[in-house]
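> Below you will find the structure I want to go over with you.
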Amino acid sequence: MKILTCSAHLQHLEGILRKSLPIALPVFGAVLNINRGNPGQFEVLVDKWPEFGAVLARPSGEVASGDRGHCRRGVTRCPGTVLGGTGVGLEDAGGTGKHCSWICGSLGTLGVLELDLGMMGAGSGYWAHGKQGFGPAPGVRVGSLSPSHVDLLNDTWPYGGNARSRRFLAEILGRFPQVCLQDGSGQPVAWVLTDHFGTGTHSYTLPEHRRRGHMQVALTVAAQRAHARGFPTFG
């Protein structure tokens with residue numbers, strides 16, 4: 001496959017994928033991130049250019065093995081095409097999980113769509129449009145998480161609690177947009193993290209702060225910020 005490195009080609013690919021939603025969901029967010037500074041250090045491959053039939057988004061220089069910490073898979077199958085794919089997530093004890101996403105088939109034909117956004121935890125998927133006029137409750141403000149919060153994230157993520165998940169969470173915390181609601185002392189109350197594919201990865205409200213609308217506010221802020229960066233916001 002051919003790695004796209006030309007910025008003009010990557011911008012053109014973004015435009016094609018945007019017109020091909022939702023089929024292009026598995027890789028679209030990764031391409032958006034690549035075209036906006038590539039914080040995740042990803043690369044995009046196509047089977048041919050410009051008339052491509054398959055697109056793969058993966059960490060730059062990735063090989064067939066390695067500990068990538070998380071994975072999703074996305075496959076589109078079109079009439080007359082037999083395609084398949086597998087994904088290995090954090091639950092894989094063998095340590096062979098890779099963080100990649102790919103689509104195959106003609107983007108001009110819907111065909112049969114199989115889309116698995118993976119075990120992303122609470123708040124999975126592209127952001128839903130937030131309602132206007134929402135704001136934090138009294139005594140709560142919009143802030144951000146810091147590296148010192150990674151253990152809290154790891155302890156509260158359904159797929160966390162181990163060194164591998166901690167590395168993954170530390171990586172996305174340091175590289176991708178996130179929203180955190182904080183109490184008067186600056187302690188996290190609720191948060192929303194995004195990942196390499198521009199989707200929600202770990203959204204959580206501490207139990208003692210639930211049923212107060214904090215997550216709705218956090219998701220609304222995250223959706224507004226994502227939309228301002230050119231990411232589609234729907235759910």
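For the sequence shown, position 47 matches number 47 in full-length UniProt numbering, and the numbering has no gaps at all.
Ideal Cβ placement from N, Cα and C applies to all residues, glycine included.
(1) Does the distance from the CB of leucine 173 to the CB of leucine 193 come in under 8 Å?
(2) Mapping DSSP to helix, strand and coil, what is glutamate 43?
(3) How far does the alpha helix (DSSP H) with glycine 15 in it extend, from its first residue to its last?
(4) Taking buried to mean at least 16 other C-beta atoms within 10 Å of its own C-beta, is threonine 199 buried or exposed?
(5) Below 8 Å between beta carbons: does that hold for tryptophan 191 and leucine 145?
(6) Between which two residues does the alpha helix (DSSP H) harbouring serine 165 extend?
(7) When you compare only the Cα positions, how much space is there between phenylalanine 197 and asparagine 33?
(8) Leaving out five residues before and five after glycine 94 in sequence, what residues of the same chain have Cβ atoms less than 7 Å from its Cβ?
(9) Identify the continuous alpha helix (DSSP H) that holds arginine 225 and give its terminal residues.
(10) For the beta strand (DSSP E) containing isoleucine 34, list its first residue and its last residue.
(11) Tell me whether cysteine 180 is buried or exposed, calling it buried when 16 or more other Cβ atoms sit within 10 Å of its Cβ.
In this structure, then:
(1) Yes, the pair counts as a contact, with Cβ atoms nearer than the cut-off.
(2) Residue state, collapsed to three classes: strand.
(3) Per DSSP, glycine 15 belongs to the alpha helix (DSSP H) from 7-19.
(4) Classification of threonine 199: buried, given that the 10 Å Cβ count is 16 or more.
(5) Taking 8 Å as the Cβ cut-off, tryptophan 191 and leucine 145 qualify as a contacting pair.
(6) Element bounds for serine 165: 163-175.
(7) C-alpha separation (whole angstroms): 7 Å.
(8) Legend: pLDDT at glycine 94 = 28, less than 50; position of this residue unreliable, no value from coordinates given.
(9) 214-228 is the extent of the alpha helix (DSSP H) around arginine 225.
(10) From DSSP, isoleucine 34 is part of no beta strand (DSSP E) but of the alpha helix (DSSP H) over 25-34.
(11) Cysteine 180 is classed as buried because its beta carbon has at least 16 other beta carbons within 10 Å across all chains shown.
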